[in-house]
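Chemist: In full-length UniProt numbering, the protein residues as written are 1 to 136. A virtual CB, placed ideally from N, CA and C, is assigned to each residue, including glycine.
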């Protein structure tokens, strides 16, 4: 049987030592995530959040910053409501549209960049095939 990568299991982002309070303020209050606890995995300095069937882990440790283009992309429903909540909480948000997606970029308190995406429904376009163009 051939090995096969099936899905993303979790993403782990660094946060500086002592950053849990700031992380909770951003991820729980501004983004609305709920901390997920599992006694088998719990350890000091690690916060975990469920994202559907995936998981986000925030791990305290020696923090050296992040690569400028590294980011976590999260698929969101009701992006406008989340945008308003982030702005009300004072987080600078960069809004962009690309193809069939609207996206926001926001940084957590530690400089980790998050891309928040809402996929837009594509309009249904009737397919019309001209029989003359199919003739050989």
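Which residue marks the beginning of the alpha helix (DSSP H) containing residue 97, and which one marks its end?
Modeler: Segment 94 to 98 is the beta strand (DSSP E) holding residue 97; no alpha helix (DSSP H) there.
Chemist: Thinking just about the alpha-carbon of each residue, which of 90, 76 and 13 is nearest to the one in residue 52?
Modeler: For the residues 90, 76 and 13, the minimum Cα distance to residue 52 belongs to 76.
Chemist: Among the residues of its own chain, which have a CB less than 8 Å from the CB of residue 94, if the five just before and after it don't count?
Modeler: 104, 105 and 106, listed in sequence order.
Chemist: One question on the structure: do residue 119 and residue 88 come within less than 9 Å of each other, judged by their Cβ atoms?
Modeler: Taking 9 Å as the Cβ cut-off, residue 119 and residue 88 do not qualify as a contacting pair.
Chemist: With distance defined between alpha-carbon atoms, name the residue in 42, 37 and 102 nearest to residue 82.
Modeler: Nearest option by C-alpha distance: 102.
Chemist: Can you tell me the Cα-Cα spacing of residue 40 and residue 91, whole angstroms?
Modeler: Roughly 34 Å separates the two Cα atoms.
Chemist: State the start and end residues of the unbroken beta strand (DSSP E) segment that holds residue 71.
Modeler: Its beta strand (DSSP E) spans residues 71 to 75.
Chemist: Nearest CA to the CA of residue 28: which residue from 59, 112 and 86?
Modeler: Measuring from the Cα of residue 28, the nearest candidate turns out to be 86.
Chemist: Between which residues of its own chain and residue 63 is the CB-CB distance below 8 Å, once the five residues before and five after are set aside?
Modeler: Correct list, in chain order: 14, 15, 16, 17, 19 and 110.
Chemist: Rounded to a whole number of angstroms, what is the C-alpha to C-alpha distance between residue 80 and residue 74?
Modeler: Near 14 Å, if we compare the C-alpha coordinates of residue 74 and residue 80.
Chemist: Using DSSP bridges, identify the partner residues of residue 63.
Modeler: DSSP output for residue 63 lists no bridge partner at all.
Chemist: Can you tell me the Cα-Cα spacing of residue 34 and residue 50, whole angstroms?
Modeler: Cα to Cα, residue 34 sits roughly 7 Å from residue 50.
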